[in-house]
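Protein chains in written order, with the numbering used here: chain A, 1 to 116; chain B, 1001 to 1114.
Following this line, the structure appears as structure tokens:
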């Protein structure tokens, strides 16, 4: 149980285009999902907290107009990288917190984005 | 504010020997601490967690960690390393708010030599 999926697993796009990444909790309901960014050989940095039915809360320094987050249901959150640039190339990871518990987050396998 | 520091960026052990990955934390109250493992091209997997119950926490795959308040440490250990243990390990503390935000350490790469 407690499986989180991400789609796509990797994507290559041209500079200036937008890319949408989906995060789904497959066997549990998640009132809160989190989006992280990980650069090569570095740790995970939290970008934003996504709550079902409300606006996402962004971490300091993260552009909310560039990284659009939608959490329309208890099992799906999406991250859209708008007008992508090469510096947006990274590994994006989502996690989901079971609505019944506070402590444990379940992580998706990640999406590797390459912007040319 | 809560934070964690992983003292080693890279640890190399031989197969069958003990593993020690060190983590120190900083917290203004009793923290919730976690160890996650990240294998290449796979999602992060929870190894174990401490949430103010027993100070010695047993996790999956033979790993365990001991919460030592006096030393503000939460080191991860395993008696005997397997080749499959080679991965990136993250020590994590839960943030102070009720949002459940996690704060990650810098990560430790574990190399297991045959």
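C-beta: ideal position from N, C-alpha, C; glycine also. Predicted model, so just to flag it, every value in this text is computed and none were measured.
Between the CA atoms of residue j and residue i - distance to the nearest angstrom
i	j	result
residue 1089 of chain B	residue 116 of chain A	31 angstroms
residue 1082 of chain B	residue 1011 of chain B	14 angstroms
residue 1042 of chain B	residue 47 of chain A	20 angstroms
residue 1035 of chain B	residue 86 of chain A	32 angstroms
residue 1071 of chain B	residue 1022 of chain B	12 angstroms
residue 27 of chain A	residue 50 of chain A	18 angstroms
residue 66 of chain A	residue 1054 of chain B	44 angstroms
residue 15 of chain A	residue 95 of chain A	27 angstroms
residue 117 of chain A	residue 6 of chain A	With chain A represented from 1 up to 116, any question about residue 117 of chain A goes unanswered, as that position is not in the structure.
residue 82 of chain A	residue 30 of chain A	25 angstroms
residue 71 of chain A	residue 32 of chain A	9 angstroms
residue 35 of chain A	residue 1103 of chain B	13 angstroms
residue 74 of chain A	residue 58 of chain A	19 angstroms
residue 25 of chain A	residue 113 of chain A	21 angstroms
residue 45 of chain A	residue 1084 of chain B	26 angstroms
Minimum C-alpha distance to residue i - residue among the options
i	options	result
residue 1093 of chain B	B:1075, B:1084, B:1042	B:1075
residue 52 of chain A	A:77, A:65, A:28	A:77
residue 3 of chain A	A:97, A:112, A:113	A:97
residue 55 of chain A	A:6, A:79, A:37, A:87	A:79
residue 1005 of chain B	B:1113, B:1112, B:1069, B:1107	B:1107
residue 1052 of chain B	B:1066, B:1016, B:1077	B:1066
residue 1045 of chain B	B:1056, B:1061, B:1057	B:1061
residue 1110 of chain B	B:1033, B:1073, B:1008	B:1008
residue 1058 of chain B	B:1018, B:1069, B:1078, B:1112	B:1078
Beta carbon proximity, residue i to chain A, threshold 7 angstroms
i	result
residue 1074 of chain B	no
residue 1044 of chain B	yes
residue 1107 of chain B	yes
residue 1062 of chain B	no
residue 1067 of chain B	no
residue 1100 of chain B	yes
Neighbour flag for residue i against chain B, beta carbons, 7 angstroms
i	result
residue 43 of chain A	yes
residue 61 of chain A	no
residue 24 of chain A	no
residue 109 of chain A	yes
residue 100 of chain A	no
residue 37 of chain A	no
Local Cβ density within 10 Å of residue i, reported as buried at 16 or more and exposed below that
i	result
residue 43 of chain A	buried
residue 41 of chain A	exposed
residue 1117 of chain B	Summary: the structure shown does not reach residue 1117 of chain B, with chain B confined to residues 1001 through 1114, and so no result is reported for it.
residue 38 of chain A	buried
residue 60 of chain A	exposed
residue 1026 of chain B	exposed
residue 111 of chain A	buried
residue 1029 of chain B	exposed
residue 84 of chain A	buried
Where residue i meets chain C, residues with beta-carbon distance less than 9 angstroms
i	result
residue 1059 of chain B	Checking the listed chains, one finds no chain C in this structure; the protein chains it contains are A and B.
Is there contact between the region 100-114 of chain A and the region 1073-1088 of chain B, where contact requires at least three CB pairs shorter than 8 angstroms? These segments do not touch.
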